[in-house]
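A.B. asks: Pasting in a structure now, in structure tokens, and then I'll have a few things to ask.
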Amino acid sequence: NEKTTSNYQAAFRSIGMALSDRLDFEDWVDVYQKLVYWELELESGSDGVMEEVLTMQKTEANSYFAKYVADNYIDWLNGLGDAPLMSSNVIKEKVVPELEEGPLFLIMIDNLRYDQWKVIAPVLSDLYTIESEEIYCSILPTATQYARNAFFAGLMPSEIQKVYPKLWKNDEEEGGKNLHEEEFLQGNLKRLGLDIKSSYNKITRLEAGRKLADNISNLMNNQLNVIVYNFVDMLSHARTDMEVIRELADDDSAYRSLTLSWFEHSPLKQMLTNIAEKGGKVLITTDHGTIQVNDPVKVVGDRNTSTNLRYKQGRNLNYNPKEVFAVTKPEDAYLPKTNVSSSYIFAREREYLVYPNNYNHFMKFYKDTFQHGGISLEEMLIPIAVLKSRS
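The sequence shown begins at 936 in my numbering and counts up by one.
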């Protein structure tokens, strides 16, 4: 414990000095990886005091990171800055190069943070060697209907709306927002000049997961097999709605622990075991992360304003511009524009957006819940790893 504490004290100073510099994206990845490393180290061996110090340092880092994203995000999308790898380019840049070596399983665990990946990765060490492990940047909003659709389509949200006007649904429209990922994926592969045999499966129920785990051998003839696994996303939403889950995952450490416990006993683990035995290659990634919120920020909008707590999309939004990252011209961020006065605002750090009416009720109900859609290290800097079967 003393060694861990003294080592973090030295790291604390170097991370603090790094935060005072002008950081580029790779620098931010490095800072975040160090913060997660020390979070996991202190969790297993410290007296708790240093964990509080680390929490403060993460808060400071997120504050600087929000400013960095606000200053650079629009430039990245419009070719004016040194853009990182983002959601819409992952299949082209990371998935396609891996297709040359036979059957590839692209497994997207929805809402999987980098720290959660770091606790489940060791469980797979007997089955796989990790060929590469990187961090890419989720687009804004860091929400499934935007980030995951962009991931599979290889297009930004406003581009998806133009290419697939009948398939894209805006926030205020009725119906599922992620029902056409397979079509988006096929369109993407076609544009990339790939005529390959592929499969697409989305797992939202335990039984469907077990059935697919038993069916892995039938997928080995495909060049690409996509599996979207929704458990972690459901866990974060259940944590908001169910008291028992709130108690089981009341902070980041408990949230990681619950994710690990689920993974060890899940059909997904069985799937990965079966793929490894067949000698398949796996690329594990996610669409966005999540953050535990605790600071309410007031925003006013009409009844068509989106309901997400980490971003709002609507017309005539009323807010304090110092408290949010505002995109008043959605086209600059390649976001759909539903009205002449449409705009998007994004919560930063651990903040969440609440309407003034019923303010106290919603403030208490959502405080300390895990949310996504906004700007934070946890939501935007997300893992992508290539695993090679040991057999």
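Quick reminder that beta carbons are idealized off the backbone N, C-alpha and C, glycines included.
Is it the case that the stretch 1139-1149 contacts the stretch 1115-1126, given that we only count it when at least three CB pairs across the two stretches are under 8 Å?
C.D. replies: No, the stretch 1115-1126 does not touch the stretch 1139-1149.
A.B. asks: Just curious, the beta strand (DSSP E) that Y1071 is in, first and last residue?
C.D. replies: Along the sequence shown, read from residue 1 onward, the residue named residue 1071 stands at position 136. Y1071 -> beta strand (DSSP E) spans Y1063 to C1072.
A.B. asks: Where G1016 and N1007 are concerned, what is the direct C-alpha to C-alpha distance, given to the nearest angstrom?
C.D. replies: The residue you call residue 1016 lines up with position 81 of the sequence shown. The residue you call residue 1007 lines up with position 72 of the sequence shown. Computed Cα separation, rounded: 7 Å.
A.B. asks: Judging by CA-CA distance, which residue of R1238, D1106 and N1084 is the nearest neighbour of V1098?
C.D. replies: The count along the sequence shown starts at 1 and reaches residue 1098 at position 163. Per the Cα distances, N1084.
A.B. asks: Less than 8 Å between the CB atoms is what I'm expecting for Y1049 and Y967, so what's the real figure, rounded?
C.D. replies: By 1-based counting over the sequence shown, the position of residue 1049 is 114. By 1-based counting over the sequence shown, the position of residue 967 is 32. Contact flag correct, Cβ pair sits at about 7 Å.
A.B. asks: Count the other CB atoms, across all protein chains shown, that sit within 10 Å of the CB of P1076; report buried if there are 16 or more and exposed otherwise.
C.D. replies: Here residue 1076 refers to the residue found at position 141 when the sequence shown is read from its first residue. It is buried - the Cβ of P1076 has at least 16 other Cβ atoms within 10 Å.
A.B. asks: Suppose you measure from the CA of D1303 to the CA of G1224; what does that come to, to the nearest Å?
C.D. replies: As a first step, residue 1303 must be located in the sequence shown, where it is residue number 368. As a first step, residue 1224 must be located in the sequence shown, where it is residue number 289. Approximately 16 Å, taken between the alpha carbons.
A.B. asks: Keeping to the same chain, check which residues put their C-beta closer than 6 Å to that of L970; ignore five residues upstream and five downstream.
C.D. replies: Position 35 of the sequence shown holds residue 970. Answer for L970: K993, listed in chain order.
A.B. asks: Buried or exposed: K1216, going by 16 or more other Cβ atoms within 10 Å of its Cβ?
C.D. replies: Taking the first residue of the sequence shown as 1, we reach residue 1216 at position 281. With 16 or more other Cβ atoms within 10 Å, it is buried.
A.B. asks: Can you tell me which of L1207, L1062 and M952 puts its alpha carbon nearest to the alpha carbon of L1041?
C.D. replies: If you number the sequence shown from 1, residue 1041 lands on position 106. Checking every option, the nearest Cα to that of L1041 belongs to L1207.
A.B. asks: Which parts of the stretch 994-1071 are runs of the alpha helix (DSSP H), unbroken and 4 residues or longer, counting only runs that do not cross its ends?
C.D. replies: As far as the stretch 994-1071 is concerned, its whole alpha helix (DSSP H) runs of at least 4 residues are 1049-1055.
A.B. asks: Throw me the rounded Cβ distance for the K1213 and S1152 pair, which I believe falls under 8 Å.
C.D. replies: Taking the sequence shown and counting its residues from 1, one reaches residue 1213 at position 278. Taking the sequence shown and counting its residues from 1, one reaches residue 1152 at position 217. Indeed, because the Cβ distance is near 6 Å, the residues count as touching under 8 Å.
A.B. asks: List in chain order: all unbroken alpha helix (DSSP H) runs of 4+ residues lying wholly within the stretch 1180-1252.
C.D. replies: Taking only runs of at least 4 residues, the alpha helix (DSSP H) segments lying wholly in the stretch 1180-1252 are 1187-1199 and 1202-1212.
A.B. asks: Taking only three categories from DSSP, how would you classify Q1158?
C.D. replies: Indexing the sequence shown from 1 puts residue 1158 at position 223. Reduced to three states, the DSSP call for Q1158 is coil.
A.B. asks: How big is the Cα-Cα spacing for A1268 and K1101?
C.D. replies: To locate residue 1268, count along the sequence shown from 1; it is residue 333. To locate residue 1101, count along the sequence shown from 1; it is residue 166. Cα to Cα, the separation comes out at about 21 Å.
A.B. asks: Please determine if the stretch 1288-1298 and the stretch 1026-1045 are in contact, where contact requires at least 3 C-beta pairs separated by less than 8 Å.
C.D. replies: In short, these stretches do not touch, since the Cβ pair count stays below three.
A.B. asks: Would you kindly work out how many angstroms separate the C-alpha atoms of P1032 and L1127, rounded to a whole number?
C.D. replies: Here residue 1032 is taken as the residue at index 97 of the sequence shown, counted from 1. Here residue 1127 is taken as the residue at index 192 of the sequence shown, counted from 1. If you take the alpha carbons of P1032 and L1127, they lie about 12 Å apart.
A.B. asks: Enumerate, from N- to C-terminal direction, the unbroken alpha helix (DSSP H) stretches of 4 or more residues contained entirely within the stretch 941-990.
C.D. replies: Runs of the alpha helix (DSSP H) inside the stretch 941-990: 960-979.
A.B. asks: Just to confirm before moving on: does the CB-CB distance between L1244 and A1282 stay below 9 Å?
C.D. replies: As a first step, residue 1244 is located in the sequence shown; it is residue number 309 there, counting from the start. As a first step, residue 1282 is located in the sequence shown; it is residue number 347 there, counting from the start. Yes, the pair counts as a contact, with Cβ atoms nearer than the cut-off.
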